[in-house]
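J.:
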Amino acid sequence: MIAWLTEALVASALLMLLVLLVRAPVRRVFGPQVAYALWALPVLRLVTPPLPAAWREQAVMPISRAGEAVSVMIAAPVATPLVEAAPAPAATGMAVAAAPAMVEAPSVLAALPLPLLVAGLWAVGAGGFFLYHFLRHRRFCRGLLRAARTVDEVDGVRVVETPAAAGPLAFGLQLGGLGRRFVAFPDDFADRYDPEERELALAHELGHHARGDLFANWIGLAVLAIHWFNPLAWRAFRAFRADQELANDARVLAGRSRADRHIYACAIVKAAHGGAVAATCHLHTISDLKGRLRMLSITRLSRARLATGATAVAGLVATGLLVTASGTEAAAAITAKVEDATGVRLAAPPVPPVPAVPAVSAKADLVAVTRKPLRVVVKRAGTTQVYEGTDASRYLAQHPLPPLPPMPATPVTPVTPVAAATAPRPPVPPRPPVAGDTVVINEGQTMIIRNGDCTPPTGPSVVQRDHDGRREMVVCRNRISAMAARAQAQAQVAMRQADRSARVAELQASAAERQAADAERQAHWAERSALASRRAGVSQALASIDIARRSIEANRSLTAEQRHDALAGLQDAQNELRDSLNDE
Numbered sequence: 001m002i003a004w005l006t007e008a009l010v011a012s013a014l015l016m017l018l019v020l021l022v023r024a025p026v027r028r029v030f031g032p033q034v035a036y037a038l039w040a041l042p043v044l045r046l047v048t049p050p051l052p053a054a055w056r057e058q059a060v061m062p063i064s065r066a067g068e069a070v071s072v073m074i075a076a077p078v079a080t081p082l083v084e085a086a087p088a089p090a091a092t093g094m095a096v097a098a099a100p101a102m103v104e105a106p107s108v109l110a111a112l113p114l115p116l117l118v119a120g121l122w123a124v125g126a127g128g129f130f131l132y133h134f135l136r137h138r139r140f141c142r143g144l145l146r147a148a149r150t151v152d153e154v155d156g157v158r159v160v161e162t163p164a165a166a167g168p169l170a171f172g173l174q175l176g177g178l179g180r181r182f183v184a185f186p187d188d189f190a191d192r193y194d195p196e197e198r199e200l201a202l203a204h205e206l207g208h209h210a211r212g213d214l215f216a217n218w219i220g221l222a223v224l225a226i227h228w229f230n231p232l233a234w235r236a237f238r239a240f241r242a243d244q245e246l247a248n249d250a251r252v253l254a255g256r257s258r259a260d261r262h263i264y265a266c267a268i269v270k271a272a273h274g275g276a277v278a279a280t281c282h283l284h285t286i287s288d289l290k291g292r293l294r295m296l297s298i299t300r301l302s303r304a305r306l307a308t309g310a311t312a313v314a315g316l317v318a319t320g321l322l323v324t325a326s327g328t329e330a331a332a333a334i335t336a337k338v339e340d341a342t343g344v345r346l347a348a349p350p351v352p353p354v355p356a357v358p359a360v361s362a363k364a365d366l367v368a369v370t371r372k373p374l375r376v377v378v379k380r381a382g383t384t385q386v387y388e389g390t391d392a393s394r395y396l397a398q399h400p401l402p403p404l405p406p407m408p409a410t411p412v413t414p415v416t417p418v419a420a421a422t423a424p425r426p427p428v429p430p431r432p433p434v435a436g437d438t439v440v441i442n443e444g445q446t447m448i449i450r451n452g453d454c455t456p457p458t459g460p461s462v463v464q465r466d467h468d469g470r471r472e473m474v475v476c477r478n479r480i481s482a483m484a485a486r487a488q489a490q491a492q493v494a495m496r497q498a499d500r501s502a503r504v505a506e507l508q509a510s511a512a513e514r515q516a517a518d519a520e521r522q523a524h525w526a527e528r529s530a531l532a533s534r535r536a537g538v539s540q541a542l543a544s545i546d547i548a549r550r551s552i553e554a555n556r557s558l559t560a561e562q563r564h565d566a567l568a569g570l571q572d573a574q575n576e577l578r579d580s581l582n583d584e
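Numbering follows UniProt numbering, with no gaps: position 337 of the sequence shown is 337.
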């Protein structure tokens with residue numbers, strides 16, 4: 001059990017490192033949702049049981065199972081005191097006869113309980129870690145609901161406003177959020193956020209409930225409790241939460257416009273804060289703000305790429321589990337390295353010491369038994385007799401092997417006396433308290449530090465003065481509160497102005513684009529109208545030339561030469577007009 005647990009811890013830690021290395025390129029190529037799915041790999045490895053015996057023989061190099069000789073000394077009791085046998089060279093078939101010489105050294109015996117001690121410390125740490133976060137989550141949720149006001153209910157999720165919330169967050173009262181589900185907003189949510197920002201923030205938090213992210217957070221917290229001693233696991237848990245938020249952002253923004261992405265970015269910036277409870281879903285902390293804003297500029301990925309990424313992640317998970325499963329060569333190598341580093345054998349239980357055996361007479365029978373194949377060798381009075389197969393079985397039935405003597409009690413290690421404790425120092429007499437003041441004495445000089453309100457309400461936050469021959473420092477709480485309130489108000493005004501400026505600029509750019517498109521269309525229509533007018537003018541001119549030609553031809557007062565010259569001029573004018581019309 002300890003060996004399997006050690007292999008699971010080391011293998012899952014290595015898989016966490018693998019996910020930390022590949023999550024960024026996977027997110028860039030296949031999207032944040034595929035990168036978030038990678039975190040199933042270390043979780044599945046922790047719950048993967050050892051390979052079956054039949055599979056293990058295929059995966060691990062088989063250990064030679066040659067027959068081991070077991071030797072038993074059969075002797076009549078003698079009236080001699082029990083003594084330790086002298087050490088003698090061990091030989092095949094003489095294991096029990098030389099047992100007193102094979103008692104483990106005291107240093108090895110002292111190291112035998114170490115795996116159980118380490119496992120106990122690990123279990124206490126894991127249980128305490130998980131219990132602390134569970135109680136902290138319950139206290140946090142009760143604090144949120146103590147002064148909460150229900151404003152809506154969407155798909156079984158209650159939407160509340162509470163002054164205890166620093167920003168939008170999703171949480172549940174039962175473990176994993178499977179019971180009563182909530183989305184909490186701060187009490188000034190309607191004042192700080194625009195309607196579009198409130199809609200997207202609500203969609204984000206409802207997405208956490210729809211995706212089961214609260215249950216995933218509890219699973220991740222359980223994995224972190226198992227790895228409470230491992231700094232790599234703490235880094236992996238923070239990366240897991242960041243990937244969870246990125247995947248939920250991608251779900252909320254799927255199919256939305258660039259304007260919605262800009263509004264969503266403003267909501268993320270407003271909701272950023274410093275603290276977070278591990279089992280809840282915040283909208284989000286400051287540490288991951290840059291990565292989330294950078295993700296908003298990524299274009300939507302195709303379904304084919306998402307399917308390819310999901311297939312690749314499934315293959316990676318299956319390969320990682322098969323390679324690192326207990327019973328494989330990789331797991332055996334992990335166990336061997338841990339045993340070499342600690343000097344403690346994990347796969348085998350502690351071997352109890354072999355008790356001393358009584359001395360034997362010179363006429364005793366020495367029996368050596370080999371199980372595979374069954375073979376009995378009996379040495380008596382200098383002669384050797386061998387029994388094999390059925391003869392060996394018959395001999396053992398007629399001469400059963402005696403049981404081993406009971407194990408002697410382990411002597412109690414005397415307790416080393418503790419050195420006498422150092423005599424306690426006499427208590428320092430207390431200084432007389434000053435009501436409402438803090439007295440600081442440095443090198444004989446006394447300074448009184450007071451906290452209170454100063455008049456007027458504006459001015460420096462700390463005032464120093466001499467009073468009755470003593471230095472006095474007054475910390476003006478009302479001025480500090482006023483300065484903080486002014487700074488917060490200025491920051492909110494600046495943020496609102498920046499948002500309005502960005503929206504106005506975007507609207508102006510959109511209006512300019514529309515005006516440019518309208519102007520282009522008007523110019524096109526004007527050009528077409530001018531061309532049509534010109535063609536109409538040319539057509540009218542040609543019609544006038546035809547009328548003039550018929551009039552000249554009908555005029556009998558003109559001579560033939562005059563008529564010819566006039567018609568030739570009209571023909572030239574008509575040809576020029578037709579050429580200009582064809583050129584267009």
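Each residue gets a CB set at the ideal place from its N, CA and C atoms; glycine is no exception. Keep in mind it's a predicted model, so treat the numbers as computed, not measured.
When the Cα atoms are used, what is the spatial distance from Ala32 to Ala203?
T.: Along the sequence shown, read from residue 1 onward, the residue named residue 32 stands at position 32. Along the sequence shown, read from residue 1 onward, the residue named residue 203 stands at position 203. The sequence given here places Pro at residue 32; Ala does not occur at that position. In a straight line, the C-alpha of Pro32 is about 18 Å away from that of Ala203.
J.: Residues in its own chain within less than 6 Å of Val351 by CB, not counting five upstream and five downstream?
T.: Translated into positions along the sequence shown, residue 351 becomes position 351. Residue confidence for Val351 is low, a pLDDT of 48 falling below 50, so the modelled location carries little weight; the figure read from the coordinates is stated next. Non-local C-beta neighbours of Val351 in its own chain, meaning closer than 6 Å and more than five positions away in sequence, are absent.
J.: Any idea what DSSP makes of Met16, helix, strand or coil?
T.: Numbered from 1 along the sequence shown, position 16 holds the residue referred to as residue 16. It is helical.
J.: Measuring straight from C-alpha to C-alpha, what distance separates Arg180 and Ala519?
T.: For the purposes of this step, residue 180 is taken as the residue at position 180 of the sequence shown. For the purposes of this step, residue 519 is taken as the residue at position 519 of the sequence shown. Roughly 58 Å separates the two Cα atoms.
J.: Shortest alpha-carbon distance to Pro231 belongs to which of Ala489, Ala35, Leu14?
T.: Numbered from 1 along the sequence shown, position 231 holds the residue referred to as residue 231. Nearest C-alpha to Pro231: Leu14.
J.: Helix or strand or just coil, what does DSSP make of Gly172?
T.: The sequence position of residue 172 within the sequence shown is 172, counting from 1. Reduced to three states, the DSSP call for Gly172 is strand.
J.: Does DSSP put Pro456 in a helix, a strand or coil?
T.: Counting from one through the sequence shown, the residue named residue 456 turns up at place 456. Reduced to three states, the DSSP call for Pro456 is coil.
J.: Taking C-alpha atoms, which residue in Asn248, Asn478, Leu316, Glu513 lies nearest to Leu214?
T.: Position 214 of the sequence shown, counted from the first residue, corresponds to residue 214. Selected option, being the one with the closest Cα: Asn248.
J.: Can you tell which of Asn575, Ala318, Ala368 has the C-alpha that lies nearest to the C-alpha of Pro42?
T.: Taking the first residue of the sequence shown as position 1, residue 42 is located at position 42. Measuring from the Cα of Pro42, the nearest candidate turns out to be Ala318.
J.: Tell me the start and end of each unbroken alpha helix (DSSP H) in the stretch 189-240 that is at least 4 residues and wholly inside, in chain order.
T.: Counting only runs of at least 4 residues, the stretch 189-240 fully encloses the following alpha helix (DSSP H) elements, listed from N- to C-terminal order: 189-192, 195-211, 213-226.
J.: Going by CA-CA distance only, name the one from Phe182, Phe185, Arg23 that's closest to Val313.
T.: The sequence position of residue 313 within the sequence shown is 313, counting from 1. Closest by alpha carbon: Arg23.
J.: Going by CA-CA distance only, name the one from Arg578, Arg241, Gln398 that's closest to Gly542.
T.: Sequence index remark: in the sequence shown, residue 542 carries index 542 (1-based). Note that residue 542 corresponds to Leu in the displayed sequence, not to Gly. It is Arg578 whose Cα lies nearest to the Cα of Leu542.
J.: For a test of the three-state rule: what should DSSP assign to Val10, helix, strand or coil?
T.: Your numbering for residue 10 matches position 10 in the sequence shown. Helix at Val10.
J.: Is it the case that the stretch 528-537 contacts the stretch 505-515, given that we only count it when at least three CB pairs across the two stretches are under 8 Å?
T.: no
J.: What's the gap between the Cα of Arg238 and the Cα of Arg149?
T.: Taking the sequence shown and counting its residues from 1, the one referred to as residue 238 is at position 238. Taking the sequence shown and counting its residues from 1, the one referred to as residue 149 is at position 149. If you take the alpha carbons of Arg238 and Arg149, they lie about 31 Å apart.
J.: Taking all protein chains shown into account, do 16 or more other C-beta atoms lie within 10 angstroms of the C-beta of residue 589, making it buried, or fewer, making it exposed?
T.: For residue 589 there is no data in the structure shown, the boundaries of the chain being 1 and 584.
J.: Under three-state DSSP, which class holds Ser380?
T.: Taking the sequence shown and counting its residues from 1, one reaches residue 380 at position 380. The question names Ser, but residue 380 is Arg in the sequence shown. The DSSP-derived three-state label of Arg380 is strand.
J.: Quick one: measure Cβ to Cβ for Val26 and Leu38, integer angstroms, because I've assumed they're closer than 8 Å.
T.: By 1-based counting over the sequence shown, the position of residue 26 is 26. By 1-based counting over the sequence shown, the position of residue 38 is 38. Their Cβ separation, rounded to whole angstroms, is 7 Å, which keeps Val26 and Leu38 in contact under 8 Å.
J.: Sort out for me which residues DSSP pairs Glu527 with in a bridge.
T.: Taking the first residue of the sequence shown as 1, we reach residue 527 at position 527. According to DSSP, which records beta bridges pairwise, Glu527 is partnered with nothing at all.
J.: I need the straight-line Cα distance from Val434 to Phe140, nearest angstrom please.
T.: Residue 434 sits at position 434 when you count from the first residue of the sequence shown. Residue 140 sits at position 140 when you count from the first residue of the sequence shown. With a pLDDT of 49 at Val434, under the threshold of 50, the modelled position of that residue is not reliable, and the figure given next carries that caveat. Those two C-alpha atoms are separated by around 37 Å.
J.: On a Cα-Cα basis, can you pick out the residue from Leu114, Trp228, Ile480 that is closest to Gly127?
T.: In the sequence shown, counting from the first residue as 1, residue 127 sits at position 127. The candidate whose alpha carbon is nearest that of Gly127 is Trp228.
J.: Thinking C-alpha only, which one of Leu131, Ile480, Asp155, Ala165 is nearest Ala147?
T.: Sequence index remark: in the sequence shown, residue 147 carries index 147 (1-based). Ranking Leu131, Ile480, Asp155, Ala165 by Cα distance to Ala147 puts Ala165 first.
J.: According to DSSP, is Ala359 helix, strand or coil?
T.: Here the question's residue 359 lines up with position 359 in the sequence shown. Residue confidence for Ala359 is low, a pLDDT of 48 falling below 50, so the modelled location carries little weight; the figure read from the coordinates is stated next. In the structure shown, Ala359 sits in coil (DSSP, three-state: anything other than H, G, I, E or B).
J.: Looking at the strands, I want to know which residues DSSP matches up with Glu520.
T.: Residue numbering aside, residue 520 sits at position 520 when the sequence shown is read from its first letter. Answer by DSSP bridge pairing: none, since Glu520 is not bridged.
J.: Look up Pro49 in the DSSP assignment and say whether it is helix, strand or coil.
T.: Along the sequence shown, one-based indexing puts residue 49 at 49. Pro49 falls in the coil class under three-state DSSP.
J.: Taking C-alpha atoms, which residue in Thr458, Pro457, Val463 lies nearest to Ile448?
T.: Working through the sequence shown from its first residue, we reach residue 448 at position 448. With distances taken between Cα atoms, Ile448 lies closest to Val463.
J.: Could you check the C-alpha separation between Pro115 and Phe130 for me, to the nearest Å?
T.: Locating residue 115 in the sequence shown gives position 115, where the first residue counts as 1. Locating residue 130 in the sequence shown gives position 130, where the first residue counts as 1. Between Pro115 and Phe130, the C-alpha separation is close to 22 Å.
J.: Which two residues bound the contiguous beta strand (DSSP E) that contains Arg470?
T.: Locating residue 470 in the sequence shown gives position 470, where the first residue counts as 1. It spans 470-476 - the beta strand (DSSP E) in which Arg470 sits, taken as one unbroken run.
J.: Could you check the C-alpha separation between Ala494 and Asp187 for me, to the nearest Å?
T.: Residue mapping note: residue 494 aligns to position 494 of the sequence shown, counting from 1. Residue mapping note: residue 187 aligns to position 187 of the sequence shown, counting from 1. Distance from the CA atom of Ala494 to the CA atom of Asp187, rounded to whole angstroms, is 21 Å.
J.: Identify whether Pro32 lies in helix, strand or coil by the three-state DSSP scheme.
T.: Stepping through the sequence shown from its first residue, residue 32 is reached at position 32. Looking at Pro32 - three-state DSSP - the assignment turns out to be helix.
J.: Specify the secondary structure class of Thr390 as computed by DSSP and reduced to three states.
T.: Numbered from its first residue, the sequence shown carries residue 390 at position 390. Looking at Thr390 - three-state DSSP - the assignment turns out to be helix.
J.: So, using beta-carbon positions, are Asp194 and Asp499 closer together than 9 Å?
T.: Working through the sequence shown from its first residue, we reach residue 194 at position 194. Working through the sequence shown from its first residue, we reach residue 499 at position 499. Yes, these two residues count as a Cβ contact at 9 Å.
J.: By how many angstroms is the C-alpha of Val34 removed from the C-alpha of Ala310?
T.: In the sequence shown, residue 310 corresponds to position 310, counting from 1. In the sequence shown, residue 34 corresponds to position 34, counting from 1. For Ala310 and Val34, the distance between alpha carbons rounds to 6 Å.
J.: Rounded to whole angstroms, what is the Cα-Cα separation between Glu153 and Trp218?
T.: Position 153 of the sequence shown, counted from the first residue, corresponds to residue 153. Position 218 of the sequence shown, counted from the first residue, corresponds to residue 218. So the two alpha carbons sit approximately 24 Å from each other.
J.: Per DSSP, what kind of secondary structure is Ala164 in: helix, strand or coil?
T.: Working through the sequence shown from its first residue, we reach residue 164 at position 164. Looking at Ala164 - three-state DSSP - the assignment turns out to be coil, as it is neither helix nor strand.
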